[in-house]
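Residue 10 is where the sequence shown starts when you use our numbering, and the numbers rise one by one after that. Structure record follows, encoded as C-alpha coordinates.
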Amino acid sequence: MKSSSRRIPLRQLCLCVLPEPAPIRVRTRRSAEANMDKISLEQMLKQMDSSARMENDVRDVLTDYVDDYLNQLLKKSCELAMHRGSKKLQIKDVENALEHYFK
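See below:
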(Lines of atoms letter the chains of each structure in order from A; the text may use other names.)
(Lines give C-alpha, C1' and ligand atoms only; values in the text may rest on other atoms or scores of the structure.)
Protein backbone atom coordinates (compact mmCIF):
# COMPACT_ATOMS: atom_id res chain seq x y z
CA MET A 10 0.00 0.00 0.00
CA LYS A 11 1.76 3.13 -1.22
CA SER A 12 0.71 6.63 -0.33
CA SER A 13 -0.43 8.77 -3.22
CA SER A 14 1.59 11.74 -1.95
CA ARG A 15 5.15 12.30 -3.12
CA ARG A 16 7.81 11.15 -0.66
CA ILE A 17 10.14 13.98 0.39
CA PRO A 18 13.73 13.08 1.27
CA LEU A 19 14.66 13.67 4.90
CA ARG A 20 17.52 15.95 3.83
CA GLN A 21 15.02 18.22 2.07
CA LEU A 22 12.77 18.22 5.15
CA CYS A 23 15.71 19.27 7.32
CA LEU A 24 16.34 22.25 5.05
CA CYS A 25 13.06 23.76 6.22
CA VAL A 26 14.20 23.92 9.86
CA LEU A 27 17.99 23.86 9.86
CA PRO A 28 20.23 26.42 8.17
CA GLU A 29 22.83 23.78 7.26
CA PRO A 30 21.72 20.23 7.95
CA ALA A 31 24.24 17.66 9.07
CA PRO A 32 25.03 14.99 6.50
CA ILE A 33 22.35 12.33 6.47
CA ARG A 34 23.07 8.74 5.60
CA VAL A 35 20.56 7.50 3.05
CA ARG A 36 18.73 4.34 4.06
CA THR A 37 18.03 1.67 1.54
CA ARG A 38 15.41 -1.02 1.76
CA ARG A 39 18.07 -3.54 2.76
CA SER A 40 19.88 -1.33 5.28
CA ALA A 41 20.45 -2.30 8.89
CA GLU A 42 17.80 0.21 10.01
CA ALA A 43 15.16 -1.37 7.78
CA ASN A 44 16.04 -4.75 9.23
CA MET A 45 15.75 -3.29 12.73
CA ASP A 46 12.28 -1.99 11.85
CA LYS A 47 11.28 -5.47 10.76
CA ILE A 48 12.67 -6.99 13.96
CA SER A 49 10.70 -4.42 15.98
CA LEU A 50 7.53 -5.37 14.12
CA GLU A 51 8.18 -9.03 14.94
CA GLN A 52 8.70 -8.15 18.62
CA MET A 53 5.46 -6.15 18.73
CA LEU A 54 3.57 -9.04 17.15
CA LYS A 55 5.03 -11.51 19.66
CA GLN A 56 3.85 -9.27 22.53
CA MET A 57 0.30 -9.53 21.20
CA ASP A 58 0.45 -13.24 20.38
CA SER A 59 3.59 -15.26 21.06
CA SER A 60 2.65 -17.88 18.46
CA ALA A 61 1.88 -15.42 15.64
CA ARG A 62 4.13 -15.17 12.61
CA MET A 63 4.39 -12.46 9.97
CA GLU A 64 5.08 -12.98 6.28
CA ASN A 65 7.87 -10.95 4.69
CA ASP A 66 5.37 -9.16 2.43
CA VAL A 67 3.38 -8.05 5.47
CA ARG A 68 6.53 -6.69 7.14
CA ASP A 69 7.44 -4.84 3.94
CA VAL A 70 3.99 -3.27 3.62
CA LEU A 71 3.92 -2.21 7.28
CA THR A 72 7.43 -0.79 7.07
CA ASP A 73 6.48 1.21 3.96
CA TYR A 74 3.31 2.45 5.67
CA VAL A 75 5.22 3.63 8.75
CA ASP A 76 7.87 5.31 6.57
CA ASP A 77 5.15 7.15 4.61
CA TYR A 78 3.34 8.18 7.79
CA LEU A 79 6.50 9.55 9.40
CA ASN A 80 7.44 11.34 6.19
CA GLN A 81 4.05 13.09 6.10
CA LEU A 82 4.22 13.89 9.82
CA LEU A 83 7.70 15.41 9.50
CA LYS A 84 6.68 17.43 6.45
CA LYS A 85 3.62 18.89 8.21
CA SER A 86 5.62 19.51 11.41
CA CYS A 87 8.28 21.40 9.43
CA GLU A 88 5.59 23.49 7.75
CA LEU A 89 4.20 24.41 11.17
CA ALA A 90 7.66 25.36 12.47
CA MET A 91 8.23 27.58 9.43
CA HIS A 92 4.75 29.11 9.83
CA ARG A 93 5.60 30.26 13.37
CA GLY A 94 8.90 31.68 12.06
CA SER A 95 11.23 29.14 13.62
CA LYS A 96 14.24 27.45 12.08
CA LYS A 97 14.07 24.71 14.69
CA LEU A 98 11.58 21.86 14.82
CA GLN A 99 10.13 21.56 18.31
CA ILE A 100 7.93 19.00 20.01
CA LYS A 101 5.00 21.42 19.89
CA ASP A 102 5.19 21.37 16.08
CA VAL A 103 4.92 17.59 16.03
CA GLU A 104 2.14 17.64 18.64
CA ASN A 105 0.17 20.23 16.64
CA ALA A 106 0.59 18.25 13.43
CA LEU A 107 -0.61 15.09 15.17
CA GLU A 108 -3.54 16.87 16.76
CA HIS A 109 -4.77 18.74 13.69
CA TYR A 110 -3.79 16.58 10.73
CA PHE A 111 -3.38 13.01 11.94
CA LYS A 112 -6.41 12.31 14.12
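Heads up, the beta-carbon is just placed ideally off N, CA and C, and yes, glycines get one too.
Taking C-beta atoms as the reference points, Ser86 and Leu98 count as a pair closer than 8 Å. Only residues of its own chain outside the window of five on either side were considered, and among them Ser86 have a CB closer than 6 Å to the CB of Val103, listed in chain order.
In the three-state DSSP reduction, Leu89 falls in the helix class (H, G or I).
In the DSSP assignment, Glu108 falls within the alpha helix (DSSP H) that extends over Ile100 to Tyr110.
Annotation: Tyr74 to Val67 spans about 11 Å, alpha carbon to alpha carbon.
If you check the CB distance, Leu89 and Asn65 do not come in under 8 Å.
As the crow flies, the alpha-carbon of Met63 is around 31 Å from that of Glu108. Taking C-beta atoms under 8 Å as the contact rule, Leu54 and Ala61 qualify, at a distance of about 5 Å.
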